[in-house]
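What follows is a short report on a single structure.
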Amino acid sequence: MAGQLSALSDRADGTYVVGEDPPAPQSCGAGEEDGDGDAPAVFLCGKCRRPVGDSLSWAGSDEQLNQIMLKRVHDNIVIGNEPYVSSTRKEPGCLVVNLACRGCGSTLGIMYTSTPKELDFKRSYFCFGVENIESYVLGSADQQVAVVDSKDMPVTLELQEIVEQQMIKIKALAVTIGHRLMEIELDLQTKSES
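For the sequence shown, position 69 (counting from the first letter as 1) is numbered 57 according to my numbering, and the numbering increases by one without interruption.
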């Protein structure tokens, strides 16, 4: 039957792992992760870019259904409570639960809880639709840093120093304006009293 899921209590990253070892995966793919067999990859939600897993927990792929299978996932994945019978012709009689992103709620894949004999290799693995996720290969030289708009720029130490300097200038300007306003009010008061 299906394996039990449990959070690893000694892990701070909230990783989920399958409690029972399912049969060895039968990868339908020709190679691993686009030929980058050595470099680890991080799999991200295709919508909000939260990490959902990595290639260190790689279990295989299914090119017919355009899926990758992982043994473990990060806690950014919400495992559905309600199993349902899959309605696709390639998965007859499979009982599955949805895998959704905790950040944006997008359905990223499914987990097979009950399968016919020919699909037993998928049972209890986290199966993600390739069209719903993105991957980033660590250390790949051909990937460049995305151009970030100045409004969306992350706060770095250099940026923090610039912002602090601007805040000091604004504070000095506000104090100067406050003093000038007090002088104007005093002038108006003395003119109204005379």
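C-beta atoms are modelled at their ideal positions from N, C-alpha and C, and glycine is treated no differently.
Asked: At least 3 beta-carbon pairs within less than 8 Å: the stretch 30 to 48 vs the stretch 84 to 92; Found: yes
Asked: Rounded Cβ spacing between V73 and L58 (contact assumed at less than 8 Å); Found: V73 to L58, Cβ: 23 Å. No contact.
Asked: Exposure of H167, with buried meaning 16 or more beta-carbon neighbours within 10 Å; Found: exposed
Asked: Short Cβ contact (7 Å threshold) for F116 with M99; Found: no
Asked: Span separating the alpha-carbon of P11 from that of G127; Found: Note that P11 has pLDDT 46, beneath the 50 cutoff, so the model's placement of it is unreliable and the number below is only indicative. Rounded to the nearest angstrom, the two C-alpha atoms are 32 Å apart.
Asked: Alpha carbon of L44 to alpha carbon of A160, nearest angstrom; Found: 54 Å
Asked: Complete beta strand (DSSP E) runs within the stretch 21 to 97 (minimum length 3 residues, chain order); Found: 29 to 33, 39 to 42, 46 to 50, 55 to 58, 65 to 67 and 83 to 89
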